[in-house]
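There are 2 protein chains.
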Amino acid sequence: MTAPATPDLRELARQARAAARVVARAPAEVRHRALVAIAGELRARAASILDANAGDVATGQARGLSAAMLDRLRLDPGRLEAVAGAVLAIADQPELVGRVERAEPRADGLELARMRIPLGVIAIVYESRPNVTVDAAALCLKAGNAAILRGGSEAFASNQALGAAIAAGLASAGLPPAAVTLVPSTDRDAIRELVQLDDLIDLCIPRGGEGLIRYVAEHARVPVIKHYKGVCHLYVHAAADLDMALALAENGKVQRPGVCNAIETILVDRAVAPAFVPRLAARFAELGVEVRGDATVRALGGAAIVAATDDDWAAEYLDLIVAVRVVDDLDAALAHIERWGSDHTESIVTADDAAAARFLREVGSSTVMHNASTRFADGGQLGLGAEIGISTTRLHAYGPMGAEGLTTTKFIVRGQGHVRT
Amino acid sequence: MTAPATPDLRELARQARAAARVVARAPAEVRHRALVAIAGELRARAASILDANAGDVATGQARGLSAAMLDRLRLDPGRLEAVAGAVLAIADQPELVGRVERAEPRADGLELARMRIPLGVIAIVYESRPNVTVDAAALCLKAGNAAILRGGSEAFASNQALGAAIAAGLASAGLPPAAVTLVPSTDRDAIRELVQLDDLIDLCIPRGGEGLIRYVAEHARVPVIKHYKGVCHLYVHAAADLDMALALAENGKVQRPGVCNAIETILVDRAVAPAFVPRLAARFAELGVEVRGDATVRALGGAAIVAATDDDWAAEYLDLIVAVRVVDDLDAALAHIERWGSDHTESIVTADDAAAARFLREVGSSTVMHNASTRFADGGQLGLGAEIGISTTRLHAYGPMGAEGLTTTKFIVRGQGHVRT
Chain A
1 MTAPATPDLR
11 ELARQARAAA
21 RVVARAPAEV
31 RHRALVAIAG
41 ELRARAASIL
51 DANAGDVATG
61 QARGLSAAML
71 DRLRLDPGRL
81 EAVAGAVLAI
91 ADQPELVGRV
101 ERAEPRADGL
111 ELARMRIPLG
121 VIAIVYESRP
131 NVTVDAAALC
141 LKAGNAAILR
151 GGSEAFASNQ
161 ALGAAIAAGL
171 ASAGLPPAAV
181 TLVPSTDRDA
191 IRELVQLDDL
201 IDLCIPRGGE
211 GLIRYVAEHA
221 RVPVIKHYKG
231 VCHLYVHAAA
241 DLDMALALAE
251 NGKVQRPGVC
261 NAIETILVDR
271 AVAPAFVPRL
281 AARFAELGVE
291 VRGDATVRAL
301 GGAAIVAATD
311 DDWAAEYLDL
321 IVAVRVVDDL
331 DAALAHIERW
341 GSDHTESIVT
351 ADDAAAARFL
361 REVGSSTVMH
371 NASTRFADGG
381 QLGLGAEIGI
391 STTRLHAYGP
401 MGAEGLTTTK
411 FIVRGQGHVR
421 T
Chain B
1 MTAPATPDLR
11 ELARQARAAA
21 RVVARAPAEV
31 RHRALVAIAG
41 ELRARAASIL
51 DANAGDVATG
61 QARGLSAAML
71 DRLRLDPGRL
81 EAVAGAVLAI
91 ADQPELVGRV
101 ERAEPRADGL
111 ELARMRIPLG
121 VIAIVYESRP
131 NVTVDAAALC
141 LKAGNAAILR
151 GGSEAFASNQ
161 ALGAAIAAGL
171 ASAGLPPAAV
181 TLVPSTDRDA
191 IRELVQLDDL
201 IDLCIPRGGE
211 GLIRYVAEHA
221 RVPVIKHYKG
231 VCHLYVHAAA
241 DLDMALALAE
251 NGKVQRPGVC
261 NAIETILVDR
271 AVAPAFVPRL
281 AARFAELGVE
291 VRGDATVRAL
301 GGAAIVAATD
311 DDWAAEYLDL
321 IVAVRVVDDL
331 DAALAHIERW
341 GSDHTESIVT
351 ADDAAAARFL
361 REVGSSTVMH
371 NASTRFADGG
381 QLGLGAEIGI
391 STTRLHAYGP
401 MGAEGLTTTK
411 FIVRGQGHVR
421 T
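Quick look at the structure:
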C-alpha cells in the first residue's frame, strides 16, 4: 500500500484540537466504553489486521529489512491479543481527568486545590512496532487527550488496519474520529510540518532511534519529551554481595538484551575486582556475552575479553555485548555515569547503606536503584500501568511515563466572595 | 555602563552546568546559608545598588522610557528591603531537594518511590524589573539549580549591582560563582544563542512582553515554559449574588490594574444583565474605569460605554479599561473564554453549585475560580511562596510556578537482589 499525497496537516491538527475538547469533557464512562470497544474491534478484526501486517512483513523482507526489524514489525495472534489486553488494562486504570489533588483551605476560608486535566493534543512519532499505535491511542484517550500518530513507513498497512479498529471503537462510544488521527503520510517532511504546529499541538513524543529523535528536536516548535537511548549501568560496590551482583549483572544483560533498560556497562569497584571480574567473565562466557573491558578487567578476566575504547562507554549495544570497567571508588563510579550515562537507569549493588543512599541521591538519572535489576525500569513494573515510553527529558515526566504523564494540573480556587486587599 | 563585547555563552553555560552539579549536591543548610547571605549582602550594599539603579533610571528618562516602564525599573529603600525579605522567605520554605514522595512497596518487597531533584541549569530571560534578578536567583538556588539570567538593557547597571550581592552571598556559603550567572550582554542575539544550547541548559523561562516570548519560542531548542499574557475573565452567572459580583469586578479590575491577574473582560449572563450592567457601569464610572461593551451592554449601561470590537475581547489592557459582553448562558461564556482567553485565570460568580462545578471542570485555564477575585492567581496567594511567574504552558508547571516547579522527580527502586523473570 502506498501513502497518498501529502495531506493538509494543519487541517488534521485543527480537527484533532476540536476532538480533544470533546474527549476532555466526555464522562469517564464514555472513554472507558471507547477503550473496551477498541479492544473488541481489535479482536473482531484480527484476520484483516494480521493480513495487512503480513503484507508489511513481506514488503519489508523484499526490501531487505533486518531480522530484528522484521521481528519488531511482525504481529501474530498472540501478540495482537496482548495488544487488546493492554487496552483493557488501560481502560481499568483509575480515572485521572478531573481528579482533585492537594486540596487545602486557607485561614480565610478560601479553598485551594489542583485538578488534573488532559494536556490536549499529543503527537507521537515512532518507528516500526505497530503495537505503539494502539498503546499510544489508548493512553491518550485514558488521559482525556486527542492523539495524532505518525508511525513508520514499514508498518503503514498494519497501522491503517489498527487505526480502522480504533476508529470503529471511537464511533461506537460516540467519540469523534479525529480523537485519534493517523497521519496518512510516511514522508519525513510531514513530521517537520507537524512539530511546528505549536498553536494546535500541546506535546510531541518522539519514540525511536537517535536519528528520529534528533530530527524532531531540531525542527520542533511544540514542546518535546524525548524518549532517548538507555546506556544503563550496574555498579558493583566494594561492599557488594558478589553472588547478588552476578545475578543482577546476568538479569540486566541477558534476560532481554534488546530493550532500553538492559545493562550496557558494568562498573566494578577496585576493591572487589580480583574476586568479581573472573567470576563475571566466566559466567558471561557461558552465556555467550561478549565482554569489552579496560586493562584491569582484561588482566583479571582472561584472554577472551576485548579491549574497550571510549566508544564502548557510550554504546547502547542492545545485544549480548557488555562493557566492563574497574573504578577506584564510589566517586569514580558517579563520575563515569555522569560522563557516559544517558539519564536512563543505573543500579548499585552494595550492603553499605550509606553508599547506597549517596548513589540514590547523587545519580541524576531518571531511575536509580539499589540491589535491583535495571530491567525493572518500566512503567508496568513501577506501578504506572502501560507506558507511553521512558522519558529522558527532565521536564514534566522523567523516566517511565504512563497515562498520568499525559495530563497536567490546573489550580482551582473556591471562595465566598473573597477579594484581595 | 555599556555592555562588553559578546561573551562566550557556551563557556558560561558550561560553567553553569558544572556549578549546577555542586548546588544540587550541596546540603540544604549550605543553600540556606547562601540565601541568608544574599539577603544580608543586598542590605549591606543598598547604597551602591540604589546608586546603580538611579543611573539606569536617569538613562531611561533621557531615552524617553514611559512612566510605567520607569516605575517598574525603579528601586527605592522600601522596594529593595522587600526584595531582601523575599529571599529570606524563600530560604525558609520547606526543603525540596531529595524529598522522597509516593513511596510504596510492591508485593515482592521491591520498594518504589520518587525523589525530588533539581532540573539543572535554568535560563531566565526577562525585561525591566530588576527584582526578578534576585527572585529568580533565589528560587533557582532553593530548588538546587544553577541560574543563567538575562535581564533587560534598561536595568543593566542595577542587575550588575544586584548580581554582585548575589555573588558575594554565594561565596560566603562556599558555592561557586557560576551558580548564578548574569549574561554580560543585552544583545538580542545573546538570547538566541543561549536558547539553542540544549546540551547545557535544561529549561528556559521567558518573562515579559509578547515580542520577547515569541522571539524565545521561535529560536529555542531548549524546553521553554512561557509566561504569557493574562486576558482574565469574570463571568457573572444567572444565579450570581450581584453585590458579590460587583465587589469581585471592582477588586479584579481596580485593585492593581497593571498585573496579569487583573480582569480584562467581564461576561454577564443575559438573565441578570438588566439588573447588573447599570450598576457595573455606574460603579466603574465612579472609579474611572473605561467600559467597552457590546450593543446590549451599551443599551443597558448608558452613553459613556464605548463600542467594543473583537480587538477588545483579545486585549490585555493592564490599565483602567474593561471589556464587557452579555452572553446567553454558561455555554456561551465557556465558548467565549475558549475563543478569547489566554489560559491564565477565569472566575465564575454564582450561587448555583452545579454551574460552578461545570465551570471549574470545563474551563481549561491554569487557574479557575468560583466566587473569588482573579487577583488571587499568584504563587504567594496560592501557597507556593514566591513565584518565578505564571506559566501558560501546560507542560510541567501550569499556572503560578514556585520553587517546586523548578524541580522534577526521579524514580527510586530499592531491592534485596530482585531480578525480573
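Heads up: the protein sequence lines correspond to chains A and B, in order. Mapping the first sequence onto my numbering, position 354 (from 1) lands on 354, and the numbers just tick up by one. Mapping the second sequence onto my numbering, position 322 (from 1) lands on 322, and the numbers just tick up by one. Where is the CB? At the ideal position from N, CA and C, for every residue including glycine.
Run the CB neighbour count on residue i, radius 10 Å, all protein chains shown included, and call it buried at 16 or more, exposed below.
i	result
residue 61 of chain A	exposed
residue 456 of chain A	Lying outside 1 to 421, the shown extent of chain A, residue 456 of chain A is not represented and no answer is given.
residue 100 of chain B	exposed
residue 158 of chain A	buried
residue 373 of chain B	buried
residue 403 of chain A	buried
residue 1 of chain B	Because residue 1 of chain B sits at a pLDDT of 42, beneath the cut-off of 50, its placement in the model cannot be relied upon, and the point is left open.
residue 214 of chain A	exposed
residue 56 of chain A	buried
residue 206 of chain B	buried
residue 416 of chain A	exposed
residue 4 of chain B	Confidence in residue 4 of chain B is poor, its pLDDT being 47 and thus under 50, which makes the residue's placement unreliable; the coordinate value appears in the next sentence. Classification of residue 4 of chain B: exposed, given that the 10 Å Cβ count is below 16.
residue 309 of chain A	exposed
residue 66 of chain A	exposed
residue 240 of chain A	buried
residue 339 of chain A	exposed
Just to make sure I have the definition right: I need the residues of chain A whose C-beta is within less than 7 angstroms of the C-beta of residue i. Which are they?
i	result
residue 362 of chain B	25
residue 398 of chain B	408, 409 and 410
residue 244 of chain B	417
According to DSSP, simplified to helix, strand and coil, what is residue i?
i	result
residue 229 of chain A	coil
residue 316 of chain A	coil
residue 391 of chain A	strand
residue 398 of chain A	coil
residue 215 of chain B	helix
residue 32 of chain A	helix
residue 269 of chain B	strand
residue 130 of chain A	coil
residue 204 of chain B	strand
residue 257 of chain A	coil
residue 350 of chain A	coil
residue 7 of chain B	coil
residue 305 of chain B	coil
residue 1 of chain A	Residue placement at residue 1 of chain A cannot be trusted, given a pLDDT of 42 that sits under 50; the coordinates are not used to answer.
residue 416 of chain B	strand
residue 186 of chain A	coil
residue 177 of chain B	helix
residue 344 of chain A	coil
residue 367 of chain A	strand
residue 425 of chain B	For residue 425 of chain B there is no data in the structure shown, the boundaries of chain B being 1 and 421.
residue 374 of chain B	helix
Going along chain A, which residues have a C-beta under 9 angstroms from residue i?
i	result
residue 119 of chain B	394 and 395
residue 240 of chain B	Correct list: empty, because the minimum Cβ distance to chain A is about 10 angstroms.
Which chain B residues sit within Cβ distance under 9 angstroms of residue i?
i	result
residue 217 of chain A	198 and 221
Residue i versus chain A: which residues are under 8 angstroms apart at the beta carbon?
i	result
residue 420 of chain B	251, 255, 373, 375, 376 and 381
residue 202 of chain B	394 and 395
In chain B, which residues lie less than 7 angstroms from residue i when you measure between Cβ atoms?
i	result
residue 98 of chain A	361
Is the shortest distance between the beta-carbon of residue i and the beta-carbons of chain E less than 7 angstroms?
i	result
residue 103 of chain A	Looking at the structure shown, chain E is missing, and the protein chains on hand are A and B.
Residues of chain B with CB under 8 angstroms from residue i, in chain order?
i	result
residue 165 of chain A	Per Cβ cutoff of 8 angstroms: no residues; residue 165 of chain A is ~29 angstroms from chain B at best.
residue 247 of chain A	417 and 419
residue 35 of chain A	Ordered by position in chain B, no residue passes the 8 angstroms Cβ test against residue 35 of chain A, which lies about 21 angstroms from the chain.
residue 112 of chain A	382 and 383
So if I threshold CB-CB distances at 9 angstroms, which residues from the region 349 to 373 of chain A count as touching chain B?
Across the region 349 to 373 of chain A, CB contacts with chain B closer than 9 angstroms involve 349, 356, 360, 361, 362, 363, 364, 365, 366, 367, 368, 369, 370, 371, 372 and 373, in sequence order along the chain.
Relative to chain B, which residues along the region 406 to 418 of chain A have a C-beta separation below 8 angstroms, given in chain order?
408, 409, 410, 411, 412, 413, 414, 415, 416, 417 and 418
Could you pull out every unbroken alpha helix (DSSP H) segment of at least 4 residues lying fully inside the region 72 to 96 of chain B, listed in chain order?
77 to 91
Which ranges does the alpha helix (DSSP H) cover as unbroken runs of at least 4 residues, wholly within the region 121 to 166 of chain A, from first to last along the chain?
131 to 142
Can you check the region 22 to 70 of chain B for any alpha helix (DSSP H) of at least 4 residues that lies completely inside it and give the ranges in chain order?
Here the runs fully enclosed are 28 to 44 and 46 to 62.
Name the residues in the region 61 to 82 of chain B whose C-beta lies less than 7 angstroms from a C-beta of chain A; which are they?
none
Enumerate, from N- to C-terminal direction, the unbroken alpha helix (DSSP H) stretches of 4 or more residues contained entirely within the region 268 to 302 of chain A.
273 to 287 and 295 to 301
Contact list for the region 264 to 281 of chain B against chain A, Cβ threshold 8 angstroms
none
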